[in-house]
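Inspection log for the structure reproduced underneath, given as structure tokens.
There are 2 protein chains.
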Amino acid sequence: MSTAAPTATRTGGPWSPDEFTGRLRAVPAERYHDRHPFNVRMHEGTLEPGELRRWIINRFHYQRHIPVKDALILAKFDDSSLRRSWLRRIQDHDGLVEGEGGIERWLRLGEAAGIDRARLRSGTEVLPGVRLAVDGYVNFCRLGSPLEAVAASLTELAAPGIMRTRIEAFELHYRWIAADGLSYFRDRIGQGGRDSEEALALVIAWATTRREQEAAVAALRFKCDVLWSLLDAIDHGPAGERP
Amino acid sequence: MSTAAPTATRTGGPWSPDEFTGRLRAVPAERYHDRHPFNVRMHEGTLEPGELRRWIINRFHYQRHIPVKDALILAKFDDSSLRRSWLRRIQDHDGLVEGEGGIERWLRLGEAAGIDRARLRSGTEVLPGVRLAVDGYVNFCRLGSPLEAVAASLTELAAPGIMRTRIEAFELHYRWIAADGLSYFRDRIGQGGRDSEEALALVIAWATTRREQEAAVAALRFKCDVLWSLLDAIDHGPAGERP
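Below, the structure is given as structure tokens:
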């Protein structure tokens, strides 16, 4: 985490593209939710089935809001070619036709883990802390600058790595979940890499002052905090049902 | 325009789907901008080239914001199939690839009328009243309910008709504009009919109380006012340059 005092950083000129990129990449390296104790336990294989189901149910609340935040980001762009490019993210999650897309694949993950679609869609088991974190992220994308909203998406820089680890962990430790339930994770490896390279190029092009660069780094830290807070709430579980 | 007092209408139960549809269709029949003096002159063929160019330049400010308002509407939907369907409207204007889409076709209309792309894109000639009307519409879609935002789009019920009349008028009266500049109007005949049928079905399904039905009618009246105000500003022209 940054040790420079705000007054010191604000007086400097813009970082070089390489230094700026390095500072952006350092954020998920330090704060990404793969380090969260709940995720560590997930990948170690020590989650109980009920804990894994709780994660699938609560993380779905995040997943179903991805196209919403991406539509809010798209609405900030005044250029057809940029919107056309960002629109693909909405299609990745909603699918081009019924029965496709990331949300559908998450529903299948739920089914593979014994959670039927109606239960997952209902949202009745979504924890208050998860709702707050997701609302916070959607509102950040609604109200922030285009630069901040795009920079927040840069957690995708770390997504392909966590997806590969997760697939291995599930195949090794959670064999009670059918392998074809993992297609969401598989598809995100390629999509996350492509999306994060695109977003990184935009952020580097748009943030031309030190202040803008710092705002981009802060947005990415915020997004890491959102993902971390999700796992805090999931790890603790419902009030009155602490393990 | 409705003659019923608010207190009287609020005490009634919901209108039948037929009556509700009739009241919605009555709004553009009464208030659509095809009745505006400037549009009447346009279709009569009495606009000067400078007036027609002023309309193309200012109306482009509206056109380029259509995908923005549609993204804001899309962000209100919590259902993949509904978002997938609405997303097509964004694609209609931005195109599936570079060089396609309604915004591109409007740029070609400008070129056919002697306005180069850079001039049209710059927005420097957009009138204050046009900016206010477009901002008002985008913010209505940003802040209103899904029902209101979708109902406001129902001016499309009248769009195919005005497009047909416009194409005939341009071909007859404004032959200095090359015919292939009119492709935007041609494409909107089919798109407008399809979009308005889809939106009408949603509005009828969603507005189940009289209060909601009245809100939908009010949203459509508001949208007619937006389009009317655009033409007011265009008709008057820049301050200090009144014809």
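Order-wise, the sequence lines are chains C and L. Per full-length UniProt numbering, the first sequence runs over residues 1 to 243. Per full-length UniProt numbering, the second sequence runs over residues 1 to 243. Where is the CB? At the ideal position from N, CA and C, for every residue including glycine. For clarity, every value in this text was computed on a predicted model and none was experimentally measured.
Select from the options the residue whose C-alpha is nearest the C-alpha of residue i.
{"i": "Arg-31/C", "options": "Trp-86/C, Val-217/C, Ile-234/C and Ala-239/C", "result": "Val-217/C"}
{"i": "Ser-81/C", "options": "Pro-67/L, Ser-81/L, Arg-84/L and Leu-72/L", "result": "Pro-67/L"}
{"i": "Phe-38/C", "options": "Tyr-184/C, Arg-119/C and Trp-228/C", "result": "Trp-228/C"}
{"i": "Ser-196/C", "options": "Ala-233/C, Ala-158/C and Gly-136/C", "result": "Ala-158/C"}
{"i": "Arg-121/L", "options": "Cys-141/L, Trp-106/L and Gly-129/L", "result": "Trp-106/L"}
{"i": "Arg-41/L", "options": "Thr-209/L, Ala-169/L, Leu-182/L and Ala-179/L", "result": "Ala-169/L"}
{"i": "Ala-113/L", "options": "Pro-49/L, Gln-213/L, Pro-28/L and Ala-215/L", "result": "Pro-49/L"}
{"i": "Gly-192/C", "options": "Leu-154/C, Glu-212/C and Val-203/C", "result": "Leu-154/C"}
{"i": "Gly-13/L", "options": "Ile-234/L, Gly-102/L, Gly-240/L and Arg-211/L", "result": "Arg-211/L"}
{"i": "Arg-64/C", "options": "Leu-52/L, Asp-79/L and His-65/L", "result": "Asp-79/L"}
{"i": "Gly-181/L", "options": "Arg-83/L, Asp-94/L, Arg-119/L and Ile-103/L", "result": "Ile-103/L"}
{"i": "Ala-178/L", "options": "Val-226/L, Ser-85/L, Gly-110/L and Asp-225/L", "result": "Gly-110/L"}
{"i": "Tyr-62/L", "options": "Gly-136/L, Asp-187/L and Arg-194/L", "result": "Gly-136/L"}
{"i": "Arg-54/L", "options": "Val-226/L, Thr-124/L, Ala-149/L and Arg-194/L", "result": "Thr-124/L"}
{"i": "Ala-233/L", "options": "Glu-171/L, Phe-185/L and Glu-51/L", "result": "Glu-51/L"}
{"i": "Asp-225/C", "options": "Arg-117/C, Val-134/C, Phe-60/C and Gln-213/C", "result": "Val-134/C"}
{"i": "Arg-117/L", "options": "Arg-221/L, Glu-156/L and Phe-60/L", "result": "Phe-60/L"}
{"i": "Pro-160/L", "options": "Ala-205/L, Glu-171/L, Gln-213/L and Arg-186/L", "result": "Arg-186/L"}
{"i": "Arg-194/L", "options": "Glu-156/L, Ala-205/L and Gln-213/L", "result": "Glu-156/L"}
{"i": "Ala-29/L", "options": "Ala-205/L, Glu-171/L and Arg-221/L", "result": "Arg-221/L"}
Could you check what DSSP says for residue i in three-state terms: helix, strand or coil?
{"i": "Leu-47/L", "result": "coil"}
{"i": "Ile-115/L", "result": "coil"}
{"i": "Phe-77/C", "result": "coil"}
{"i": "Trp-106/L", "result": "helix"}
{"i": "His-65/C", "result": "coil"}
{"i": "Ser-16/C", "result": "coil"}
{"i": "Ser-85/L", "result": "helix"}
{"i": "Glu-148/C", "result": "helix"}
{"i": "Gly-99/L", "result": "coil"}
{"i": "Ala-8/C", "result": "Interpretation of Ala-8/C is limited by its pLDDT of 46, a score under 50 that renders its predicted location unreliable; the figure taken from the coordinates is listed afterwards. Looking at Ala-8/C - three-state DSSP - the assignment turns out to be helix."}
{"i": "Leu-72/C", "result": "helix"}
{"i": "Glu-125/C", "result": "coil"}
{"i": "Tyr-32/C", "result": "coil"}
{"i": "Gly-22/C", "result": "helix"}
{"i": "Gly-136/L", "result": "helix"}
{"i": "Asn-39/C", "result": "helix"}
{"i": "Arg-131/C", "result": "helix"}
Could you tell me whether the Cβ atoms of residue i and residue j are closer together than 8 Å?
{"i": "His-236/L", "j": "Gly-45/L", "result": "no"}
{"i": "Lys-223/L", "j": "Ala-152/L", "result": "yes"}
{"i": "Ile-90/L", "j": "Leu-96/C", "result": "no"}
{"i": "His-43/C", "j": "Arg-166/C", "result": "yes"}
{"i": "Cys-141/L", "j": "Leu-200/L", "result": "no"}
{"i": "Gly-99/L", "j": "Asp-92/L", "result": "no"}
{"i": "Lys-69/C", "j": "Val-27/C", "result": "no"}
{"i": "Val-203/L", "j": "Leu-24/L", "result": "yes"}
{"i": "Arg-108/C", "j": "Ser-183/C", "result": "yes"}
{"i": "Ile-162/C", "j": "Asp-18/C", "result": "no"}
Between residue i and residue j, which are expected to be in contact by the criterion C-beta below 8 Å, what is the C-beta distance as a whole number of angstroms?
{"i": "Ala-207/L", "j": "Phe-20/L", "result": "7 Å"}
{"i": "Ile-115/C", "j": "Ile-56/C", "result": "6 Å"}
{"i": "Leu-230/L", "j": "Val-130/L", "result": "6 Å"}
{"i": "Leu-147/C", "j": "Ala-215/C", "result": "6 Å"}
{"i": "Asn-58/L", "j": "Leu-127/L", "result": "6 Å"}
{"i": "Asp-94/L", "j": "Arg-83/C", "result": "5 Å"}
{"i": "Glu-198/L", "j": "Ser-85/L", "result": "7 Å"}
Runs of alpha helix (DSSP H) wholly within the stretch 154–236 of chain C (minimum 4 residues, chain order): Within the stretch 154–236 of chain C, the complete alpha helix (DSSP H) runs of at least 4 residues are 159–173, 183–206 and 210–236.
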